[in-house]
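Below you'll find the structure, written out as C-alpha cells, and then a few comments.
Numbering (our numbering), first residue to last: 1 to 295.
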C-alpha cells in the first residue's frame with residue numbers, strides 16, 4: 001500500500017520545490033541490483049547543486065535511517081518517507097509524486113528529476129517563469145524520435161497491448177523525451193501526472209514509465225502533430241522516402257541525433273525541452289548556460 005509520511009512544516013507554504021527519489025527496497029530496473037541504502041554519493045551532484053544555488057529539494061525515500069536524515073537535512077534539503085506499491089521504482093515515483101502534490105496547496109511551480117545523474121547550474125524555476133507560455137518542461141532522449149531508440153522500439157507494441165488499445169503507428173514518429181526531468185506550473189503538471197498515472201496503473205507490470213510519459217506527451221495538442229492539420233505523418237513519410245530516393249535527403253545519424261541548440265522536433269507550442277533548459281541526455285555537456293545537466 002502506498003503511503004506518504006507527513007511533510008515537514010517548512011515546505012508546506014513554499015511556492016516552488018524540486019523532487020527526486022532515493023529508493024532502495026527494490027531492484028533498479030535500468031541498472032540492475034539495489035541502490036546502496038545509505039550512500040549520499042548516490043544523490044551527491046543533485047544534492048550539492050541544490051544547496052549551492054539555495055533551491056529547495058525534497059527526497060522521497062523508502063527507509064533511510066534517522067541518523068542519515070538528520071545528517072543531511074538542512075535549510076534546502078528535506079527527506080520524506082514513503083511506502084511503495086507493486087510497480088517498478090521508476091513507475092512508482094510518479095504515483096507518489098502525485099500523492100505528495102495533493103498535500104501542497106500553495107505550490108505554484110514543481111520540478112521532478114532523477115537524483116543520481118542530475119546537476120543544477122542555474123535556478124530552473126527562473127527559466128520556467130520567463131518562458132511561462134510553455135505548459136511543460138521535460139528532458140530529452142538521445143534519439144530524436146521514438147523510432148530512433150532501440151530501447152524504446154524493443155517493447156513499443158507490448159506497451160500498447162498492456163494499455164489495451166490498438167497500436168498507433170504515428171507514435172514512433174513523435175519526439176523522444178526523457179522522464180527523468182518534468183516540471184512546470186502545478187496547474188499544468190498535475191493534469192499531466194494524473195493522465196500518466198492512469199496509463200502506468202493500466203500497464204503496471206514491467207518498467208513502462210518512459211513509454212507512458214512519451215505517449216502522454218504525444219497525445220498533447222501541439223506535440224502529436226508537428227505538421228499542419230492537412231499534413232499527417234503518413235504523407236510526411238511518403239514525401240521523406242521520396243526525397244531520400246532522389247537524393248535530396250540522405251539517411252544516417254544526421255536525421256537521428258537530437259539537435260539541442262535548435263530542437264525543432266522536440267519543442268512544441270506547449271512543451272519545452274533541450275537547450276538551454278536541459279542538456280542532451282548522456283552527452284556529458286558542460287555548457288555553462290544550460291540550467292540542468294542530465295548525465
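Ideal Cβ positions, reconstructed from N, Cα and C, are used throughout, including at glycine. Note that the structure is predicted; figures quoted are calculated from it, not measured.
Buried or exposed (CB count within 10 angstroms, at least 16 for buried), residue i
| i | result |
| --- | --- |
| residue 32 | exposed |
| residue 154 | exposed |
| residue 267 | buried |
| residue 292 | buried |
| residue 167 | exposed |
| residue 1 | exposed |
| residue 278 | buried |
Collapsed DSSP secondary structure at residue i in the structure displayed
| i | result |
| --- | --- |
| residue 40 | helix |
| residue 52 | helix |
| residue 225 | In this predicted model, residue 225 has a pLDDT of only 44, less than 50, meaning its place in the structure is not dependable; the value taken from the coordinates is given anyway. Residue 225: coil per DSSP, three-state reduction. |
| residue 175 | strand |
| residue 212 | helix |
| residue 59 | strand |
| residue 148 | helix |
| residue 182 | strand |
| residue 170 | helix |
| residue 69 | helix |
| residue 277 | coil |
| residue 188 | helix |
| residue 92 | helix |
| residue 107 | coil |
| residue 98 | helix |
| residue 198 | helix |
| residue 84 | coil |
| residue 134 | coil |
| residue 16 | strand |
| residue 35 | coil |
| residue 126 | helix |
Test item: CB-CB of residue i and residue j under 7 Å
| i | j | result |
| --- | --- | --- |
| residue 87 | residue 5 | no |
| residue 138 | residue 46 | no |
| residue 140 | residue 13 | no |
| residue 290 | residue 276 | yes |
| residue 49 | residue 35 | no |
| residue 126 | residue 146 | no |
| residue 84 | residue 92 | yes |
| residue 209 | residue 131 | no |
| residue 159 | residue 211 | yes |
| residue 220 | residue 270 | yes |
| residue 40 | residue 22 | no |
| residue 20 | residue 51 | no |
| residue 113 | residue 11 | no |
| residue 76 | residue 56 | yes |
| residue 272 | residue 134 | yes |
| residue 202 | residue 163 | yes |
Alpha-carbon to alpha-carbon, residue j and residue i
| i | j | result |
| --- | --- | --- |
| residue 17 | residue 198 | 24 Å |
| residue 111 | residue 185 | 9 Å |
| residue 15 | residue 7 | 15 Å |
| residue 151 | residue 78 | 34 Å |
| residue 99 | residue 190 | 10 Å |
| residue 82 | residue 288 | 35 Å |
| residue 144 | residue 172 | 11 Å |
| residue 54 | residue 72 | 15 Å |
| residue 28 | residue 216 | 23 Å |
| residue 9 | residue 80 | 12 Å |
| residue 64 | residue 170 | 43 Å |
| residue 280 | residue 258 | 8 Å |
| residue 286 | residue 261 | 14 Å |
| residue 214 | residue 66 | 37 Å |
| residue 142 | residue 96 | 27 Å |
Contact test: residue i Cβ vs the ligand NAD heavy atom, cutoff 6 Å
| i | result |
| --- | --- |
| residue 149 | This structure simply doesn't include the ligand NAD, nor any ligand for that matter. |
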